[in-house]
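Worksheet: one structure, shown below.
There are 2 protein chains.
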Amino acid sequence: MAQKATFYHAGCPVCLDAERQLAFSLDPSRFEVEIVHLGEQKNRVLEAEQMGVTSVPALVIGTQPYHINFGAALADLK
Amino acid sequence: MAQKATFYHAGCPVCLDAERQLAFSLDPSRFEVEIVHLGEQKNRVLEAEQMGVTSVPALVIGTQPYHINFGAALADLK
Numbered sequence: 001m002a003q004k005a006t007f008y009h010a011g012c013p014v015c016l017d018a019e020r021q022l023a024f025s026l027d028p029s030r031f032e033v034e035i036v037h038l039g040e041q042k043n044r045v046l047e048a049e050q051m052g053v054t055s056v057p058a059l060v061i062g063t064q065p066y067h068i069n070f071g072a073a074l075a076d077l078k
Numbered sequence: 079m080a081q082k083a084t085f086y087h088a089g090c091p092v093c094l095d096a097e098r099q100l101a102f103s104l105d106p107s108r109f110e111v112e113i114v115h116l117g118e119q120k121n122r123v124l125e126a127e128q129m130g131v132t133s134v135p136a137l138v139i140g141t142q143p144y145h146i147n148f149g150a151a152l153a154d155l156k
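Residue numbers (our numbering), protein chains in the order written: chain L, 1 to 78; chain S, 79 to 156.
As structure tokens, then:
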């Protein structure tokens, strides 16, 4: 069964392109990737916070958050 | 032809385990992953710097560096 991988971001175009490349570089036979735009889906900010996300962009694989390239603080999205 | 992906780190055990999971989660049919321990291979610090790496752990896919989880500054490894 594929493991869940969630890519949280806030829509910044430059970092979006670079970071999507990372999210879509994961092994498709092992991971089911979901992209979540927290600027548009504010109802999922709490979910991201509960997964240990403190800044975006962040990629959560299973329960492990990977914060990428010193992004914007999650608090700024509330 | 598989694209090169290089995972630079400095050997911290906790982050090592988490970040290797990210490096080895890449699609093996599209990426050739190399792990570089900059604490042991100091001769490759300049290379990492030239790839745009400013802190470790970092994953470089092609020419795009992804700094992960606010790691140690590359300068501390010189």
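Virtual Cβ for every residue (Gly too), placed ideally from N, Cα, C. These numbers were taken from a predicted model, which means no experiment stands behind them.
- The Cβ-Cβ distance between Ala83 (chain S) and Val111 (chain S) falls below 7 Å.
- Only residues of its own chain outside the window of five on either side were considered, and among them Gln3 have a CB closer than 6 Å to the CB of Gly62 (chain L), listed in chain order.
- For a Cβ distance threshold of 9 Å, residue set Ala96, Gln99 and Leu100 of chain S lies close to Gln64 (chain L), ordered along the chain.
- Annotation: the continuous beta strand (DSSP E) that includes Gln142 (chain S) extends over Gln142 to Ala151.
- For His145 (chain S), the nearest CB of chain L lies under 7 Å from its own CB, placing it at the interface with that chain.
- Here the alpha carbon of Lys156 (chain S) sits roughly 28 Å from the alpha carbon of Cys15 (chain L).
- For Phe70 (chain L) and Leu152 (chain S), the gap between their C-alpha atoms comes out near 15 Å.
- For Leu104 (chain S), the neighbours in chain L by C-beta distance under 8 Å run, in chain order, Ser25, Leu26 and Asp27.
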